[in-house]
Amino acid sequence: MGSPSSQTSTVTLGRVQSPSSINTYKQCPRKYYYRYIAGLPSRPSIHLIRGKVVHTALEKFFDADVTNIPEKNFFFTLKVVLNERFKEAWRAAANDFAELELSEERLQGYYDETKQMINNYFSYFLEKSNYFLRFMRPHEAWAAVKPQREMHFESKLHRVHGYIDAIHDEAGKTLILDYKTSRRSVLTEEYKLQLSIYAMMYQEQYHTPDLVGIYFLRDGKEVLLDVTQELIDAARSEVEAVHIATQTNEENDYPMRPGPLCKWATGQCDFYEYCFLGKKAEKREPEKELFIELSE
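Per the working numbering, numbering through the sequence shown is continuous, rising by one, with the last residue being 1447.
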C-alpha cells in the first residue's frame, strides 16, 4: 500500500468539513450554503430517524454483557438481545416519529421493514461468527467478530472529520464499513467519496486500510472496495476542492444547481422554498464545526 502524500496544501482551510457536507456541496452549492453556513434546519424524515434507530440498536447490541449467556443458546439469545435493543431504540424515538404525522399503518410498515433490516444484519453477523466457531468457543467468536464502532476520526491536516460505523480486523486485514438503509444496494459515487475520505483519515492516523465498503441493511448485502493510494489521493483532491470553493460566507458565491433533487413526486429539498418560492434565509453566524449526518 502507498503512504500519505508528502505535499503540503497551500489552501487556507476554514470550517471543518465532513463527507456529508462535501457531498452536499457537490450536489448543490446553494444547499450547502443554507445547511452549513446559514445554519437552516433540515426537516425531520423517516429515513434519518430510522437510520439513527438502527445505529443506536447496533451500538447497544455490541455493548451487551455476554459473559452470563450459556453457550448452548448463545447466538439465539444474542438475536433476542438485538431485537430488544431495536425495540428500545424505536420507542425512544417516539417523539421524533410523532413529528412526521404518519398514519399508524405507515409507521407500522416502517417498523416491520426496519426490523427486517436488523435481522438481516444478525444473519450477516452470524455468518462471520461461523468461521470462528470452527476453532473458538461462542464467547470468543463474539469477541473476534465484534467491530470497533462509531469511531470518530478527524484530519487536522485536511480539516475534515467523520464517524465510522464499524472497523473490522479480518485475518490481519482492516475493513472500514458503513451501514446504509437505502433502497438500492449500489455503491454510488457519493458513497465511494464518503468511504475514500474515511480511508484517507484512517491512513493519516494509523495505516492504509485494505478494504472499505457498505453493508446495505435492506438487502443484507455487503459491497466492498479495495483501497488504493489513487482512491485516497482522489479523496484528498475532493476535500481540497470543497475547501477552496467554500472560503466565503456570501450566498451569491454558492449557486443553485436545479435538478431532480429539488422536487420530486413525494417530496422536495428542505430548502426548496428559499430557492424557488422567495422565502428569505435569516443570516446567522457560520457554524464553527460541521457534524456528520446520518443518512440513508
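We treat Cβ as the ideally placed atom computed from N, Cα and C, and that holds for glycine. Model, not experiment: these values are computed from the prediction.
Sequence-distant residues of its chain with Cβ nearer than 6 Å to residue i (five each side left out)
| i | result |
| --- | --- |
| E1278 | none |
| E1402 | Y1184 |
| I1220 | T1228 |
| S1306 | M1352, E1355 |
| Q1345 | P1170 |
| K1372 | S1336 |
| E1250 | P1195 |
| E1222 | P1289 |
| N1234 | none |
Reference residue i; option with closest CA among the options
| i | options | result |
| --- | --- | --- |
| S1347 | A1292, H1206, R1387 | R1387 |
| S1280 | R1300, Q1259, H1319, M1302 | H1319 |
| N1204 | Y1176, E1239, A1350 | First, the residue type needs correcting, since residue 1204 is Val and not Asn in the sequence shown. Measuring from the Cα of V1204, the nearest candidate turns out to be E1239. |
| I1173 | F1304, R1300, E1341, P1406 | E1341 |
| Q1267 | K1297, K1230, E1250 | K1230 |
| K1343 | R1288, H1290, N1234, L1362 | L1362 |
| P1180 | N1400, W1415, T1379, G1323 | N1400 |
| E1334 | Y1261, D1377, Q1380, Y1349 | Residue identity differs from the one stated: residue 1334 is Arg in this sequence, not Glu. Answer by Cα proximity: Y1261. |
| E1301 | A1317, H1309, L1308 | A1317 |
| T1265 | D1370, D1421, Y1187 | D1370 |
| D1421 | T1175, M1287, R1236 | T1175 |
| I1200 | E1321, F1237, R1408, G1429 | F1237 |
| E1424 | L1191, V1378, Y1187 | L1191 |
Cβ shell of residue i (< 8 Å), same chain only, five flanking positions each side left out
| i | result |
| --- | --- |
| S1157 | Confidence at S1157 is low in this model, with a pLDDT of 41, below 50, so its placement is unreliable and no value can be given for it. |
| E1291 | F1283 |
Buried or exposed by the 16-neighbour rule on C-beta atoms within 10 Å, applied to residue i
| i | result |
| --- | --- |
| E1389 | buried |
| A1294 | exposed |
| E1440 | Residue confidence for E1440 is low, a pLDDT of 44 falling below 50, so the modelled location carries little weight; the figure read from the coordinates is stated next. Looking at its Cβ environment, which holds fewer than 16 other Cβ atoms inside 10 Å, E1440 is exposed. |
| D1214 | exposed |
| G1418 | exposed |
| L1445 | Caution applies to L1445, whose pLDDT of 38 falls short of 50 and renders its modelled position unreliable; the value that the coordinates give is listed next. Buried, since its Cβ has 16 or more Cβ neighbours within 10 Å. |
| R1285 | exposed |
| Q1299 | exposed |
| D1329 | buried |
| K1331 | buried |
| T1159 | Low per-residue confidence applies at T1159: pLDDT is 44, beneath 50, and the placement is therefore not dependable, though the value from the model is reported in the following sentence. Under this definition T1159 is an exposed residue. |
| P1289 | buried |
| M1152 | Any reading at M1152 must be qualified, since the residue scores a pLDDT of 44, below 50, and its modelled position is unreliable; no value is offered. |
| T1339 | exposed |
| L1326 | buried |
| T1218 | exposed |
| G1410 | exposed |
| A1322 | exposed |
Own chain, CB closer than 7 Å to residue i, minus 5 neighbours either side, in chain order
| i | result |
| --- | --- |
| W1241 | V1204, Y1262 |
Three or more C-beta pairs below 8 Å linking the region 1307-1317 and the region 1238-1251: In this structure the region 1307-1317 does not lie against the region 1238-1251, because fewer than three pairs of beta carbons, one per stretch, are closer than 8 Å.
message: Under 8 Å: do the region 1362-1375 and the region 1266-1278 share three or more Cβ pairs, one atom per stretch?
response: Contact between the region 1362-1375 and the region 1266-1278 is present, because at least three Cβ pairs lie under 8 Å.
query: Three or more C-beta pairs closer than 8 Å, one from the region 1373-1388 and one from the region 1200-1214: is that the case here?
result: No: the two stretches stay apart, fewer than three of their Cβ pairs being nearer than 8 Å.
query: Does the count of Cβ pairs from the region 1349-1361 and the region 1392-1402 closer than 8 Å reach three?
result: They do not touch, by the three-pair rule.
message: Would the region 1256-1267 count as touching the region 1186-1196 if we require 3 or more Cβ pairs under 8 Å?
response: Cβ pair count under 8 Å is below three, so no.
query: Whole alpha helix (DSSP H) runs in the region 1366-1425 with 4 or more residues, listed along the chain?
result: Secondary structure remark: continuous alpha helix (DSSP H) runs of at least 4 residues inside the region 1366-1425, in chain order: 1380-1396.
field: Contained alpha helix (DSSP H) runs [length at least 4] in the region 1175-1233, N- to C-terminal order
entry: Complete alpha helix (DSSP H) runs here, min 4: 1180-1183, 1197-1213.
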